[in-house]
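So the structure is just underneath, and the comments pick up after that.
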Amino acid sequence: MNRGTSGRNLIIEFWQTTKSQSLWSLAIVVCMGLLCGCSRAQPVSINKPPVPANKKVLIVYLSRTSNTKAVAQFIRQKVGGTLVALELKTPYPVDYQATVAQVARENETGYLPPLKTKIDRIEGYDTVFVGFPTWGMQLPPPMKSFLRQYNLKGKTVIPFNTNAGYGEGNSFETVKKLCPQSTVLEGFVTRGGIERDGHLLVIKEARAKAVEKEVDNWLEKINMLK
Ligand SMILES: Cc1cc2nc3c(=O)[nH]c(=O)nc-3n(C[C@H](O)[C@H](O)[C@H](O)COP(=O)(O)O)c2cc1C
C-alpha cells in the first residue's frame, strides 16, 4: 500500500466512524425527544364531574300544606330543571282527620290513587328528585302511584322529605324498592308543619333561610350544585 492509498483509506475510515457515531447520536436524540414528548405530564382534571350542568333534571313533589313545595323550590333554584306538583284525579278531603283515615286505608290495601298529573317524555330526564311529606310514617300513596306509573330505570333518583318531627319513616326505603333499577342517592329530611295542631306552612321567613342552607349543604354533599 503506498502512502496516497493509505491516507485515503484513513480518511474514509474516519468519515465512516464519524458518520455512524453521528447517526447513533441522532437516533438517541430522536428517541429521547420522543420519550420526553410521550411522558410529558398532561394536565389532570381534579374537578368533580359536571353534575348537573349537562343533565336534565325533573323535580316531582307532593305537598298538601306547601312545606315540601318550599324545599322543591329551593332545589329548583339551585339545580334548575322542571318542577312538577303531583295532583290526584280525586283530591284528598280538606279535613285533616278524614285524610289521615283515608291514607291509612290506602296504605293497608295497597290502593294507588290515580294521578291527574301527566309528565311528558320522562325518558329524557337523567335525574329525578322526588319530594313528599311523611304520611302515616310511610311514603304517601300518590308518590307510590307516581313511582309505579313511571319507569325511572337507569336514572338517578333523589328523595326529599318534610315531616312533623317524626322523621321520614320507611318512605326512603319504599322509594328504593319502587326504583330497583335506578341509582337512589342520599335523601334530604327536614321538619315541616304539624297540620294536626294547625301549623301548616312553617318553612317561611327565618325557618326558610335555615332550610335553604340545609338544602345547599345536602346538594353540595351529593354533588348536585351547579
Ligand atoms: C295524612 C297525613 C299524615 C301524616 N303523617 C305523619 C307522620 O306519620 N309523621 C310525621 O312526622 N308527620 C306526619 N304528617 C305531617 C306532615 O308530614 C308534615 O306536616 C309535612 O311537613 C307536610 O308537608 P306539606 O306541607 O308539603 O304537605 C302527616 C300529615 C298528613 C296530612
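Using our numbering, the first residue of the sequence shown is number 96, and each one after it goes up by one.
For glycine and all other residues, C-beta sits at the position ideal for the given N, C-alpha and C.
Owing to the predicted nature of the structure, the values given are computational and were not obtained by experimental measurement.
Reduced DSSP secondary structure (H/G/I, E/B, other) of residue i
| i | result |
| --- | --- |
| residue 138 | Because residue 138 carries a pLDDT of 42, less than 50, the predicted location of this residue cannot be relied on, and the following value inherits that uncertainty. Three-state result, residue 138: coil. |
| residue 256 | strand |
| residue 125 | Bear in mind that the predicted position of residue 125 carries a pLDDT of just 45, short of 50, making it unreliable; the figure below should be weighed with that in mind. The answer is helix: DSSP assigns residue 125 an H, G or I state. |
| residue 198 | helix |
| residue 297 | coil |
| residue 279 | strand |
| residue 160 | coil |
| residue 238 | helix |
| residue 189 | coil |
| residue 216 | coil |
Residues near residue i in its chain [Cβ-Cβ closer than 6 Å; skip 5 each side]
| i | result |
| --- | --- |
| residue 157 | 181, 227, 235, 237, 238 |
| residue 224 | 154, 170, 253 |
| residue 298 | 162, 165, 306 |
| residue 212 | 181, 182 |
Assigned exposure category for residue i - 16 Cβ within 10 Å defines buried
| i | result |
| --- | --- |
| residue 312 | exposed |
| residue 187 | buried |
| residue 260 | exposed |
| residue 230 | buried |
| residue 159 | buried |
| residue 293 | exposed |
| residue 250 | buried |
| residue 315 | exposed |
| residue 206 | exposed |
| residue 318 | exposed |
According to DSSP, residues forming a beta bridge with residue i
| i | result |
| --- | --- |
| residue 230 | 233 |
| residue 286 | 258 |
| residue 154 | 178, 224 |
| residue 210 | 183 |
| residue 251 | 222, 278 |
Residue i beta carbon near ligand 1 (any heavy atom closer than 7 Å)
| i | result |
| --- | --- |
| residue 159 | yes |
| residue 203 | no |
| residue 309 | no |
| residue 228 | yes |
| residue 321 | no |
| residue 289 | yes |
| residue 232 | yes |
| residue 179 | no |
| residue 306 | no |
| residue 264 | yes |
| residue 185 | no |
| residue 284 | no |
| residue 212 | no |
| residue 164 | yes |
Own chain residues within Cβ distance below 7 Å of residue i, not counting five before or after
| i | result |
| --- | --- |
| residue 199 | 231 |
| residue 248 | 276, 277 |
| residue 303 | 165 |
Close beta carbons around residue i, own chain, < 8 Å, minus the five adjacent residues each side
| i | result |
| --- | --- |
| residue 210 | 181, 182, 183, 184, 237, 240, 241, 244 |
| residue 197 | 187, 188 |
| residue 179 | 153, 154, 155, 156, 212, 214 |
| residue 168 | 178 |
Proximity test, Cβ basis, 8 Å: residue i and chain D
| i | result |
| --- | --- |
| residue 243 | In the structure shown, chain D cannot be found, because there is only a single protein chain. |
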